[in-house]
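A.B. asks: First to last, the protein sequences are chains A and B. So the first sequence is numbered by my numbering: it starts at 11 and just counts up by one. So the second sequence is numbered by my numbering: it starts at 11 and just counts up by one. In this text, a Cβ means the ideal position worked out from N, Cα and C, and glycines have one as well.
Protein chains: 2
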Amino acid sequence: MAPRDKTDLLHGSLDLIVLRTLSVQPMHGYAITQHVARLTDGVLSADPGSLYPALERLKRNGWITAKWQQSPTGRRARYYAITRSGLTQLGRETNEFERFVDAMRRVLRAT
Amino acid sequence: MAPRDKTDLLHGSLDLIVLRTLSVQPMHGYAITQHVARLTDGVLSADPGSLYPALERLKRNGWITAKWQQSPTGRRARYYAITRSGLTQLGRETNEFERFVDAMRRVLRAT
DNA sequence: CGCGCATATATCGATAATCGATAGGTGACC
DNA sequence: GGTCACCTATCGATTATCGATATATGCGCG
């Protein structure tokens with residue numbers, strides 16, 4: 011499937027998005043999805059098919075932890091929280107992102 | 011191979027880089043590589059293994075053309091030039107990129 | 001002359017991330 | 001009882017990138 015007509019710029023930045031979102035406060039997956047969509051007016055999205063593998067990835071790296079809890083609506087949900095090393099990683103990835111954008115701008119403005 | 015320790019933010023933006031570079035002037039592949047590396051101090055790179063497939067991709071989409079010519083050094087080289095529809099595409103991808111960066115910034119600054 | 005280096009194109013295989021689709025389960029409200 | 005919002009999860013297909021590698025040529029230099 012996947013018509014793939016848009017360049018997938020998201021590629022490689024989902025981890026950064028998730029880490030940054032969890033640095034605001036612990037949250038369950040579905041809440042992350044909504045947070046990102048709302049914040050970016052739908053420009054970025056963290057869909058289940060990408061999000062849950064990403065969360066697993068981050069957990070495996072020790073950058074987030076997960077624990078089952080009750081959501082305010084009464085259902086059970088898996089709450090993810092960023093770790094200390096996750097915060098370090100967030101810093102690294104943020105810097106990398108800025109460097110990347112900077113470099114892109116230089117290319118886009120070249121004459 | 012590929013230790014893959016850095017988030018590959020480049021993913022999906024190589025086409026934009028190439029289109030923008032060729033919009034400055036027609037150029038052969040190797041020159042694109044050098045142009046990008048020099049412009050970004052090595053932050054971004056267009057390596058052969060990614061570049062030539064990308065050029066083929068862009069050509070297939072009608073966004074660039076290719077023709078063999080002599081390079082200033084006397085060797086034969088394949089010169090790529092952006093087409094009219096390539097310029098349109100460049101505009102589209104530039105907008106998308108800005109929208110993406112904008113959205114990312116909103117996420118990175120959220121509280 | 002012969003050596004090596006910068007120039008230049010090209011392909012292959014491995015890797016990995018994303019996405020659409022799909023499935024399943026629960027609480028609440030009408 | 002039905003439907004909706006909530007919430008987690010997996011699978012398969014797709015695709016771009018990258019490292020490595022191969023090949024070839026013009027040029028400067030010892």
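Using a Cβ-Cβ distance cut-off of 8 Å, determine whether His38 of chain B contacts chain A.
C.D. replies: Within the second sequence, the letter at position 28 stands for residue 38 of chain B. No, His38 of chain B does not count as interfacial toward chain A.
A.B. asks: Along chain A, which residues have their Cβ under 7 Å away from the Cβ of Leu118 of chain B?
C.D. replies: Within the second sequence, residue 118 of chain B is the residue found at index 108, counting from 1. For Leu118 of chain B, the chain A residues whose Cβ falls inside 7 Å of its Cβ are Arg30, Thr104, in order along the chain.
A.B. asks: Is there a Cβ from chain A that is less than 8 Å from the Cβ of Ile92 of chain B?
C.D. replies: Working through the second sequence from its first residue, we reach residue 92 of chain B at position 82. It does not; no Cβ of chain A falls within 8 Å.
A.B. asks: With H, G and I counted as helix, E and B as strand and the rest as coil, what does DSSP make of Arg109 of chain A?
C.D. replies: Along the first sequence, one-based indexing puts residue 109 of chain A at 99. The answer is helix: DSSP assigns Arg109 of chain A an H, G or I state.
A.B. asks: Compare the C-beta of Leu68 of chain B against all C-beta atoms of chain A and say whether one is closer than 8 Å.
C.D. replies: By one-based count along the second sequence, residue 68 of chain B stands at place 58. It does not: the Cβ of Leu68 of chain B has no partner Cβ on chain A nearer than 8 Å.
A.B. asks: Among A:Leu61, A:Arg85, A:Pro82, A:Ile92, which has the Cα closest to the Cα of Lys76 of chain A?
C.D. replies: In the first sequence, the residue the question calls residue 76 of chain A occupies position 66. The amino acid at residue 76 of chain A is misidentified as Lys; the sequence shows Ala. Residue A:Ile92 is the option with its Cα nearest to Ala76 of chain A.
A.B. asks: Quick one: what does DSSP say Arg85 of chain B is sitting in, helix, strand or coil?
C.D. replies: Taking the second sequence and counting its residues from 1, the one referred to as residue 85 of chain B is at position 75. The answer is coil: DSSP assigns Arg85 of chain B none of H, G, I, E or B.
A.B. asks: Under the three-state reduction of DSSP, which class applies to Ala120 of chain A: helix, strand or coil?
C.D. replies: Your numbering for residue 120 of chain A matches position 110 in the first sequence. In the structure shown, Ala120 of chain A sits in coil (DSSP, three-state: anything other than H, G, I, E or B).
A.B. asks: In terms of alpha-carbon separation, which member of B:Asp51, B:Gly52, B:Leu19, B:Ser60 lies closest to Val28 of chain B?
C.D. replies: Residue 28 of chain B sits at position 18 when you count from the first residue of the second sequence. Per the Cα distances, B:Ser60.
A.B. asks: Looking at the strands, I want to know which residues DSSP matches up with Ile92 of chain A.
C.D. replies: As a working mapping, residue 92 of chain A is identified with position 82 in the first sequence. According to DSSP, which records beta bridges pairwise, Ile92 of chain A is partnered with A:Ile74.
A.B. asks: Could you give the DSSP three-state label for Gln44 of chain A: helix, strand or coil?
C.D. replies: Reading the first sequence from its first residue, position 34 is the one you call residue 44 of chain A. Per DSSP, reduced to three states, the secondary structure at Gln44 of chain A is helical.
A.B. asks: Using a C-beta to C-beta distance shorter than 9 Å, which residues of chain B count as neighbours of Leu97 of chain A?
C.D. replies: Start at 1 with the first residue of the first sequence, and residue 97 of chain A comes out as number 87. Here the premise fails: no neighbours, minimum Cβ distance about 14 Å.
A.B. asks: Quick one, which of B:Leu65, B:Val117, B:Ala120, B:Leu54 has its alpha-carbon nearest Met37 of chain B's?
C.D. replies: Counting from 1 along the second sequence, the entry for residue 37 of chain B is found at position 27. Among B:Leu65, B:Val117, B:Ala120, B:Leu54, the Cα nearest to that of Met37 of chain B is on B:Leu65.
A.B. asks: Just to confirm the assignment, what range does the alpha helix (DSSP H) spanning Asp51 of chain B have?
C.D. replies: Your numbering for residue 51 of chain B matches position 41 in the second sequence. Here Asp51 of chain B belongs to no alpha helix (DSSP H), and DSSP marks it neither H nor E.
A.B. asks: Closest by CA to Ser23 of chain A, which one among A:Thr121, A:Arg115, A:Ala120, A:Arg102?
C.D. replies: Working through the first sequence from its first residue, we reach residue 23 of chain A at position 13. With distances taken between Cα atoms, Ser23 of chain A lies closest to A:Arg102.
A.B. asks: By a C-beta neighbour count over all protein chains shown, 10 Å radius and 16 as the cutoff for buried, is Thr50 of chain B buried or exposed?
C.D. replies: As a working note, residue 50 of chain B is residue 40 in the second sequence. Counting other Cβ atoms within 10 Å of its Cβ, Thr50 of chain B reaches 16 or more and is therefore classed as buried.
A.B. asks: Flag this pair as yes or no: are the beta carbons of Ala120 of chain A and Leu54 of chain B separated by less than 8 Å?
C.D. replies: Position 110 of the first sequence, counted from the first residue, corresponds to residue 120 of chain A. Position 44 of the second sequence, counted from the first residue, corresponds to residue 54 of chain B. Contact: no.
A.B. asks: Ser33 of chain A lies in the alpha helix (DSSP H); which residues open and close that run?
C.D. replies: Indexing the first sequence from 1 puts residue 33 of chain A at position 23. From DSSP, the alpha helix (DSSP H) with Ser33 of chain A extends over 24–34.
A.B. asks: According to DSSP, is Arg102 of chain B part of a helix, a strand, or is it coil?
C.D. replies: One-based indexing of the second sequence puts residue 102 of chain B at position 92. Collapsing the DSSP output to three states places Arg102 of chain B in a helix.
A.B. asks: Drop a sphere of 10 angstroms on the beta-carbon of Gln99 of chain A, count the other beta-carbons inside from all chains shown, and report buried for 16 or more, exposed for fewer.
C.D. replies: Residue mapping note: residue 99 of chain A aligns to position 89 of the first sequence, counting from 1. Answer is buried; the Cβ neighbour count reaches 16.
A.B. asks: Taking the C-alpha atoms as reference points, what is the distance between Leu68 of chain A and Ser33 of chain A?
C.D. replies: Residue 68 of chain A sits at position 58 when you count from the first residue of the first sequence. Residue 33 of chain A sits at position 23 when you count from the first residue of the first sequence. Their Cα atoms are separated by approximately 13 Å.
A.B. asks: In the DSSP assignment, what residue or residues form a beta bridge with Met37 of chain A?
C.D. replies: Looking up residue 37 of chain A in the first sequence gives position 27. In DSSP, Met37 of chain A forms a bridge with A:Tyr90.
A.B. asks: Less than 8 Å between the C-beta atoms of Thr104 of chain B and Leu118 of chain A, yes or no?
C.D. replies: Counting from one through the second sequence, the residue named residue 104 of chain B turns up at place 94. Counting from one through the first sequence, the residue named residue 118 of chain A turns up at place 108. Yes. Within cutoff.
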